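Terminal number for the sequence shown in the numbering used here: 255, no gaps in between. Note that beta-carbon positions come from the ideal geometry of N, C-alpha and C, so glycine has one too. On a predicted model such as this, the values are computed, not experimentally measured, just so you know.
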Amino acid sequence: MIARGAAFNIFQVIDKKPAIDNFSTTGFKPECIEGTVEFKNVSFSYPSRPSIKILKGLNLKIKSGETIALVGPNGSGKSTAVQLLQRLYDPDDGFITVDGNDIRTLNVQHYREHIGVVSQEPVLFGTTINNNIKYGRDDVTDEEIEKAAKEANAFDFIMEFPSKFNTLVGEKGAQMSGGQKQRIAIARALVRNPKILILDEATSALDTESESVVQAALEKKK
34 MIARGAAFNI FQVIDKKPAI DNFSTTGFKP ECIEGTVEFK NVSFSYPSRP SIKILKGLNL
94 KIKSGETIAL VGPNGSGKST AVQLLQRLYD PDDGFITVDG NDIRTLNVQH YREHIGVVSQ
154 EPVLFGTTIN NNIKYGRDDV TDEEIEKAAK EANAFDFIME FPSKFNTLVG EKGAQMSGGQ
214 KQRIAIARAL VRNPKILILD EATSALDTES ESVVQAALEK KK
């Protein structure tokens, strides 16, 4: 009886349909995305804490090719705004547009293919550096991988490894330092040539010189 009850709970989780379905075939697929983003009177609270408003009436416009920084104390909603832009959640009130289109009307998978994200604690998979950089874009060439690695200031340290791009990073990137993981993750984002690039404290583990090189490369990508 205990096993049956546990199985019931497991299947409840498995069968639960997400509010935002990444595999949905519905939604508008724009032929071209330029990347102009606008938050219009956006308010949001997490489902687990509905009484606590993280964002209240946020209005923000970011033009294509423009770089902006969200600055504020912990808990002020910086990462929440990033999650809403990726459409991991939908706003409680207001809406977010990309090139004038409400992102809720767009095909989720198609939309996310145009976004590159690098977080403070990047996720690396237990495979080679090469596979980690090209993750999510199987058609990428070796030349494009090397170019992205150079732009992320990762090429030099990669070439110091005996196996170079075929070096295994270890489970969750355990064989890499914090700065190395971040640079590999930045290369992974850049190789996709995203229209919207989100860096969530993505250079926090880099030294000043490495950060300057990465910032210069990002300026050229505009």
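### Query
Given 8 Å as the limit, is there contact between the stretch 134-152 and the stretch 222-231, that is, 3 or more CB pairs closer than that?
yes
### Task
Please determine if the stretch 178-198 and the stretch 112-122 are in contact, where contact requires at least 3 C-beta pairs separated by less than 8 Å.
no
### Query
Below 7 Å between beta carbons: does that hold for residue 159 and residue 204?
yes
### Query
Relative to the C-alpha of residue 161, which residue among 100, 243, 178, 63 is closest?
178
### Query
Taking residue 165 as the reference, which of 213, 130, 147, 124 has the closest Cα?
213
### Query
For the beta strand (DSSP E) that residue 233 lies in, which residues bound it at each end?
229-233
### Query
Among 251, 90, 130, which has the Cα closest to the Cα of residue 226?
251
### Query
For residue 131, which residues from the same chain have a beta carbon less than 6 Å from its beta carbon, with the 5 sequence-adjacent residues on both sides left out?
70
### Distance, residue 198 Cα to residue 231 Cα
25 Å
### Query
In terms of DSSP beta bridges, what is residue 149 paired with?
230
### Task
Can you check the stretch 103-182 for any beta strand (DSSP E) of at least 3 residues that lies completely inside it and give the ranges in chain order?
126-131, 148-152
### Message
Here's the rule I'm using: 16 or more other beta-carbon atoms within 10 Å means buried, otherwise exposed. How should residue 209 be labelled?
### Response
buried
### Query
Is residue 79 buried or exposed, if buried means 16 or more other CB atoms sit within 10 Å of its CB?
exposed
### Message
Applying the 10 Å Cβ sphere with the 16-neighbour rule, what's the burial state of residue 104?
### Response
exposed
### The alpha helix (DSSP H) enclosing residue 101, as first and last residue numbers
No alpha helix (DSSP H) holds residue 101; DSSP gives it neither H nor E.
### Message
On the DSSP bridge list, what partners appear for residue 76?
### Response
126
### Query
My guess is that residue 137 and residue 128 are in contact by the Cβ rule of under 8 Å, so how many angstroms apart are they, rounded?
7 Å
### Message
Assuming the contact rule is C-beta atoms closer than 8 Å, residue 109 and residue 90 should be a hit. Round their C-beta distance to whole Å, please.
### Response
No, residue 109 and residue 90 are not in contact; Cβ-Cβ is about 14 Å, not under 8 Å.
#### Entry: Those residues which DSSP pairs with residue 239 across a bridge
None; residue 239 has no bridge partner.
### CB contact flag (residue 228, residue 147, <7 Å)
yes
### Spatially closest choice to residue 88 from 122, 163, 98, 234, by CA coordinates
122
### Message
Just to confirm my understanding: we take residue 194, look at its own chain, exclude 5 residues before and 5 after, and list those with CB closer than 6 Å. What are they?
### Response
200
### From 126, 68, 92, 86, residue whose alpha carbon lies closest to that of residue 100
68
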